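Below is one structure; the comments refer to it alone.
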Amino acid sequence: MALTWLAHTDLAAISRGRAIPDYDPEGSQSVGWVPADLALDPFGGLVDNPWGPVGDLRLVPDPATLVHIPGTPTASEMNFVLCTATDLEGKPWRSCPRAALLSQAAQLEKDFGLRLFAAFEQEFSHVTDAAPPAPFSLEAARVVEPLLEDIFSALDEAGVEPENILPEFGQHQFEVTTRPAVGVGAADRAVITRTVVREIARRKGQRVTFAPVIGPGAGTNGVHIHFSLLDRQGRPVTHDPGGDHGLSRAAQQFTAGIVAHLPALTALTAPTVASYLRLRPHSWSAAYVVFGNQNREAAVRVAPRSRVDGDHDHERANLEYRPSDATANPYLALAGILIAGMDGLERELPCPESVEFDPSVLSEAELKERGIARLPQSLGEALDCLERDSVIAEALDSDLLECYLTMKRNEVATFAGVDEAELIAKYVDAY
Ligand code: GLU
Ligand code: MG
């Protein structure tokens, strides 16, 4: 019998749910869910939460996200559909991360006539003891075949429009990109991509991990979030040839809002103890509160506009948010980016000053003189920034925020004094 999983992605960025037979995308099936499920941490524990044993929810599938991966002689078919948690009347539950993103995206359209068009560029590692082939090499791709080929085909079938798959710089590290989608669709694609990559590897008896750090020399796995703005009619409005860095006023303001709230945003986009082993200077991840044009050490950068295949500046102009990884819930990450961006639009902030070099080459005194601050250097520090940032904290549901802070502070306490190798291994297993 073919089962379909109704899945909900929680604060630990883990998709959990339950399966039903005979799912009908045209129908109105939903399954029961419990508020406290949101308080499950990445390691199987349940943290203190505002709901306890009380309350009931429904997981309501969005049929547009239905994924079918055909079975093989050794694996059953895999069917899943992504859900929003609702109350028993079907009204979105305010603490559901997907509901939070739907609500922020609706706000952007209502208040500013804009839509967020985004894509997640995700890195992952193949867990193996084999000798690592050369970075970016054809050899590195071929030794794992047909892994990449099968991942790409499955993503294509899943409708997430995969664009690229490649061996990255780190040992046994790969990256996969998909075409952008509007609002919640972008976060859905991120979840679908991770789920499909893991499934295809599992079918081959192989292990992959999206954990931000894997071990010495293995490079770090980032999840870069590309974003641009569309108007209500779906027309791109990010580019302006006469604007700073080729950006329209709206794109400048939106970006400035993100840069202004970066310290708090990292708590949503780099939300585990391991995330801060990645956000170190000089590793192309992002360690400073810096905006840059085509600068891979910047936390937010203007992605390059190529004219090799003609002038597509208008459609392709986009920015890239880099201090994020796969331990972040993609819905919360985008909701945070939207809240920050809307604050920039609301306050009509000027385009941030661009830094066109690696800030880590400057001395402490020079950094101070130029007003360049480090991003939070630990999860604890980032959570304090989130709690203090009234714009972000107040725009999130208070129960969601309370549960999030408790879970993440619990994680900080759990790993206090734990050996780095042991900590890394835990996250490699969990993600
Ligand atoms: N692996 C780097 C990171 O952790 C990113 C490398 C790149 O794609 O620019 O973010
Ligand atoms: Mg990369």
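Start counting the sequence shown at 17; every next residue gets the next number (our numbering).
No residue lacks a Cβ here, since even glycine has one placed at the ideal position from N, Cα and C.
Here the structure is a predicted model, which is why all the values come from computation and not from measurement.
Where do the N-terminal and C-terminal ends of the beta strand (DSSP E) with Ile353 fall, by residue? Not the beta strand (DSSP E): Ile353 falls in the alpha helix (DSSP H), residues Pro346 to Glu362.
Could you tell me how far apart the beta carbons of Gly273 and Leu182 are, in whole angstroms, since I believe they sit closer than 8 Å? Not quite, the Cβ-Cβ distance comes to about 32 Å (not below 8 Å), so this is no contact.
Could you tell me the distance, in whole angstroms, from the CA atom of Leu421 to the CA atom of Leu399? Cα to Cα, the separation comes out at about 7 Å.
Pull the bridge partners of His240 from the DSSP assignment, please. The partner list for His240 (beta bridge, DSSP) reads Glu137.
How big is the Cα-Cα spacing for Leu118 and Ala344? One C-alpha to the other measures close to 17 Å.
Just to confirm, are Ile208 and Val83 a CB contact at a threshold of 8 Å? The answer is yes: Cβ separation under 8 Å.
Between the alpha carbons of Leu350 and Ala206, how many angstroms are there, rounded? Taking the straight line joining both Cα atoms gives about 11 Å.
Using 8 Å as the threshold, is the stretch 244 to 259 in touch with the stretch 211 to 226, meaning 3 or more CB pairs across them? Contact between the stretch 244 to 259 and the stretch 211 to 226 is absent, because fewer than three Cβ pairs lie under 8 Å.
Would you say the beta carbon of Glu184 is closer than 7 Å to some non-hydrogen atom of the ligand MG? Relative to the non-hydrogen atoms of the ligand MG, the Cβ of Glu184 comes within a distance shorter than 7 Å of at least one.
Can you tell me the Cα-Cα spacing of Asp329 and Glu436, whole angstroms? Taken atom to atom, the span from the alpha-carbon of Asp329 to that of Glu436 is near 44 Å.
One question on the structure: do Gly33 and Ala52 come within less than 8 Å of each other, judged by their Cβ atoms? One thing to note: Gly33 has its Cβ no nearer than 8 Å to the Cβ of Ala52.
Buried versus exposed, by CB contacts within 10 Å (16 or more), Leu154: Exposed: under 16 other Cβ atoms inside 10 Å.
Close beta carbons around Glu184, own chain, < 8 Å, minus the five adjacent residues each side: Excluding residues up to 5 positions away in sequence, Glu139, Pro151, Phe152, Phe190, Glu191 and Gly235 lie with their Cβ nearer than 8 Å to the Cβ of Glu184 in the same chain.
Is the stretch 92 to 102 close to the stretch 63 to 81, with three or more CB pairs under 8 Å? Result yes; three or more Cβ-Cβ pairs closer than 8 Å.
Whole angstroms is fine: what's the gap from Ala427's alpha carbon to Val289's? What sits at residue 427 in the sequence shown is Glu, not Ala. Cα-Cα distance, rounded: 7 Å.
Ser264: buried (16+ other C-beta within 10 angstroms of its C-beta) or exposed? With 16 or more neighbouring CB atoms inside 10 Å of its own CB, Ser264 falls in the buried class.
For Gly259, collect the residues of the same chain with a Cβ closer than 7 Å to its Cβ; drop the 5 residues on either side in sequence, then sort them by chain order. Hits under 7 Å: Arg265 and Gln268.
Could you check what DSSP says for Thr25 in three-state terms: helix, strand or coil? Here Thr25 sits in strand by DSSP.
Any heavy atom of the ligand GLU closer than 7 Å to the Cβ of Asn180? For Asn180, the shortest C-beta to heavy atom distance toward the ligand GLU is 7 Å or greater.
List the residues that DSSP assigns as beta-bridge partners of Arg448. Because the chain in this structure spans residues 17 to 447, residue 448 falls outside the shown range and cannot be described.
Please confirm whether any heavy atom of the ligand GLU lies closer than 7 Å to the CB of Thr236. Yes; taking the cut-off as 7 Å, the Cβ of Thr236 has a heavy atom of the ligand GLU nearer than that.
Three or more C-beta pairs under 8 Å: does that hold for the stretch 366 to 375 against the stretch 286 to 304? Contact holds: three or more Cβ-Cβ distances are below 8 Å.
Local conformation of Ile181 per DSSP, three classes: The three-state secondary structure of Ile181, taken from DSSP, is strand.
Considering only DSSP beta bridges, list what Glu336 is partnered with. Partner(s): His242 and Arg317.
Any idea if Val444 is buried or exposed, counting beta-carbon neighbours within 10 angstroms, 16 or more meaning buried? Of the other Cβ atoms in all chains shown, 16 or more fall within 10 Å of the Cβ of Val444; this residue is therefore buried.
Looking at the ligand MG, does it come within less than 7 Å of Glu191, judged from the CB to the closest heavy atom? Taking 7 Å as the cut-off, the C-beta of Glu191 counts as close to a heavy atom of the ligand MG.
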